[in-house]
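Residues 3 to 258 in my numbering are what the sequence shown lists, from first letter to last.
Everything below concerns the one structure shown next.
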Amino acid sequence: MEITGSVAIITGAAKGLGRAFTESLLARGAKVCMADTDTEAATATLQQLQQSYGDDNVMFVPCDVTRTEDLKVVWDEGEQKLGYISLLINNAGIGNEQNWQKTIDVNLGGCMRGTLLALERMGVNKGGGGGIVVNISSVAGLKATPLGPVYTSTKHAIVGLTRSLGSEFHLKISGVKVQSLCPSLVKTDLLVNSLKNAFSPEVGQAITKQANCLPVISAEMVAEALVKLLEEGRNGACLMVVAGKEPFYVDSPISS
Ligand SMILES: NC(=O)c1ccc[n+]([C@@H]2O[C@H](COP(=O)([O-])OP(=O)(O)OC[C@H]3O[C@@H](n4cnc5c(N)ncnc54)[C@H](O)[C@@H]3O)[C@@H](O)[C@H]2O)c1
Numbered sequence: 003m004e005i006t007g008s009v010a011i012i013t014g015a016a017k018g019l020g021r022a023f024t025e026s027l028l029a030r031g032a033k034v035c036m037a038d039t040d041t042e043a044a045t046a047t048l049q050q051l052q053q054s055y056g057d058d059n060v061m062f063v064p065c066d067v068t069r070t071e072d073l074k075v076v077w078d079e080g081e082q083k084l085g086y087i088s089l090l091i092n093n094a095g096i097g098n099e100q101n102w103q104k105t106i107d108v109n110l111g112g113c114m115r116g117t118l119l120a121l122e123r124m125g126v127n128k129g130g131g132g133g134i135v136v137n138i139s140s141v142a143g144l145k146a147t148p149l150g151p152v153y154t155s156t157k158h159a160i161v162g163l164t165r166s167l168g169s170e171f172h173l174k175i176s177g178v179k180v181q182s183l184c185p186s187l188v189k190t191d192l193l194v195n196s197l198k199n200a201f202s203p204e205v206g207q208a209i210t211k212q213a214n215c216l217p218v219i220s221a222e223m224v225a226e227a228l229v230k231l232l233e234e235g236r237n238g239a240c241l242m243v244v245a246g247k248e249p250f251y252v253d254s255p256i257s258s
């Protein structure tokens, strides 16, 4: 897709990867509607981004991705101010292993609600003009991670959702591509919060021990990979971003 001139919604955009995605798209001439539960952090981010990229190119609408109604308001307000939305980045995510219901509801539920709404609003079969949905998964979406079984389950499910809806069958009907980005470890608040809500005391200790030895990548590197995915990625693509390698696509071991 042509990023310049496009309009995107990014959930979880107040900080971390969502903020980096927002800045990267703005720098390439897109307009962005940020959506997040953290109004304070989002407002501070918004002010900084508006200074660099202009008041008319970026906005914030409070949104909890566990509520479809919130997502609808984001879409309505974003489209009213910025124009036709052709890109949704389902990025909001948490790593709370103690409250598995919440983690499923935010991570998988957020991607599910967002993707279904995107099909309603962008689907050519529904009167829309087509577009792209990018679901933010993780390397944990493609491999086992014993230190985060709940988080890993949600990220695997996001890959399944992406590959299933990102099929020729659905694309022909909706004109909406569905893709996924699978980054490895980035030092954000998610990691800190995950430690507070680890699966078990043993897992908490193991994470603390390993935290400083694991290779980390920067949020900017992941944001660059997002641009690559949008510009050249095929429908249903899962793009992995890991330390020390160029981003690479991972296909399902069994074709459908
Ligand atoms: N940090 C990593 O190592 C890493 C690696 C791979 C994938 N990811 C994924 O990237 C995404 C962003 O994570 P991050 O590391 O930037 O985390 P982060 O904690 O820095 O940012 C997450 C953002 O999501 C928002 N959020 C949380 N719950 C929400 C909800 N219910 N509705 C709307 N917004 C909500 C938070 O307020 C925050 O601004 C997540 O989906 C995460 O799983 C992160």
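No residue lacks a Cβ here, since even glycine has one placed at the ideal position from N, Cα and C.
Three-way DSSP call (helix, strand, coil) for residue i in this model
i: L187; result: coil
i: K261; result: With the chain represented from 3 up to 258, any question about residue 261 goes unanswered, as that position is not in the structure.
i: P255; result: coil
i: C215; result: coil
i: T39; result: coil
i: G143; result: helix
i: K179; result: strand
i: A227; result: helix
i: I12; result: strand
i: L149; result: coil
i: V161; result: helix
i: V205; result: helix
i: V194; result: helix
CB of residue i within 8 Å of CB of residue j, strictly
i: S139; j: S182; result: yes
i: C35; j: G95; result: no
i: G2; j: T13; result: Limits of the chain in this structure are 3 at one end and 258 at the other, which puts residue 2 out of reach.
i: E88; j: L228; result: Residue 88 is actually Ser in this sequence, not Glu. For S88 and L228, no; Cβs fall outside 8 Å.
i: M124; j: V178; result: yes
i: A225; j: V188; result: no
i: A43; j: K17; result: yes
i: V141; j: F201; result: no
i: T164; j: C240; result: yes
i: V60; j: L48; result: yes
i: S166; j: L121; result: no
i: L197; j: G206; result: yes
i: C184; j: G132; result: no
i: N92; j: V63; result: no
i: G111; j: T68; result: yes
i: A208; j: L149; result: yes
Neighbour-count burial assignment, residue i, 16 or more Cβ in a 10 Å radius
i: L216; result: exposed
i: E248; result: exposed
i: D4; result: Here residue 4 turns out to be Glu, not Asp, going by the sequence shown. Under this definition E4 is an exposed residue.
i: G31; result: exposed
i: V262; result: With the chain running from 3 to 258 in the structure shown, residue 262 is simply not present.
i: F250; result: exposed
i: N137; result: buried
Chain B contact for residue i (CB, 8 Å cutoff)
i: T117; result: The question asks about chain B, but that chain is absent: this structure has only one protein chain.
Suppose only complete runs of 3+ residues qualify. What are the beta strand (DSSP E) ranges in the region 42-82, listed by chain order? 60-64
My parser needs the alpha helix (DSSP H) runs of 4 or more residues fully inside the region 97-141; what are they? 102-105, 111-124
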